[in-house]
Amino acid sequence: MLYEERNIRVLPEDTDVFGRLNWRVYCRYCEQGEAGLIESLGFTPMYFHKIHKISFPRRAAHFEYVSPVSPENLIDLETEVKKIGVTSITLSHTFYKKRSEQSERILTAKAEVTVVAYDDRLHEKTELPRKLVDTLKALGVQEKE
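Numbers given in the working numbering equal positions in the sequence shown, counted from 1, plus 17.
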C-alpha cells in the first residue's frame, strides 16, 4: 500500500537559517503522508476517533537525511505501511527533491514513524481497530509482529 504526493512546494519559511528544509517540516510532511494514506483507505483522518475514541500518537520516529533541500526544490513524498503490529503501525516515508515537476528525483531523506492505537477513554494503548487492519490486509499488507 503506497500513498504518493508529488510536487510539494518548499517555501522560504520552511527553511532554517542556512536556507535548508527544516527538520520540523519533514515531520509535517510525514503527517501529510499519514493522513493521505488513511484517506486513500477510505477513512477520514478522524474516523477512528469519532467512532471508537482511538487516536494514533507517535511512539517512535527515526529520520535519515541524505541531501539538503532548498526553496528552489519541489518534494515528492511516498508513504507506505512497513509493519502492522497488534497495537501499532510503522510507516515508511521517503522524500525526493527535484528542480521542476519533470526533472530527475534525488533521494533527500527517509523516515520511519510508529504510531500506536490509544484508547482516549481508558487512557491506554489498545489493539488496532479491526476495520483498519482488515482494510490493509484486503490491499495486500501483511500483519507482522
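Ideal Cβ placement from N, Cα and C applies to all residues, glycine included.
In the DSSP assignment, what residue or residues form a beta bridge with residue i?
i       : result
Thr-96  : Tyr-20 and His-110
Glu-141 : Asp-136
Glu-81  : Lys-127
Arg-75  : Val-132
Ile-25  : Ile-92
Lys-115 : Leu-91
Could you check what DSSP says for residue i in three-state terms: helix, strand or coil?
i       : result
Phe-65  : helix
Ser-120 : coil
Val-34  : coil
Leu-156 : coil
Lys-70  : coil
Ser-87  : coil
Leu-54  : helix
Among the options, whose alpha-carbon lies nearest the alpha-carbon of residue i?
i       : options                               : result
Lys-67  : Lys-142, Val-130 and Arg-138          : Arg-138
Val-130 : Lys-142, Lys-154 and Lys-99           : Lys-99
Ser-87  : Glu-81, Trp-40, Leu-54 and Pro-62     : Trp-40
Lys-70  : Val-158, Ala-134, Lys-148 and Gly-157 : Ala-134
Phe-60  : Asp-151, Gly-157 and Gln-159          : Asp-151
Leu-19  : Met-63, Arg-147, Tyr-64 and Gly-53    : Gly-53
Arg-195 : Val-103, His-110 and Val-34           : Nothing about residue 195 can be reported from this structure: the residues present for the chain run from 18 to 162 only.
Arg-23  : Glu-121, Lys-142, Gly-157 and Ala-128 : Glu-121
Around the Cβ of residue i, are there at least 16 other Cβ atoms within 10 angstroms (buried) or fewer (exposed)?
i       : result
Gly-36  : exposed
Lys-114 : buried
Ala-77  : exposed
Asp-31  : buried
Leu-28  : exposed
Val-132 : buried
Leu-38  : buried
Gly-50  : buried
Glu-162 : Here Glu-162 scores only 49 on pLDDT, less than 50, and its place in the model should not be relied on; the value that follows carries that caveat. Glu-162 comes out exposed.
Give the C-beta separation of residue i and residue j to the nearest angstrom, bearing in mind that I take them to be a contact with Cβ-Cβ under 8 Å.
i       : j      : result
Arg-116 : Glu-89 : 7 Å
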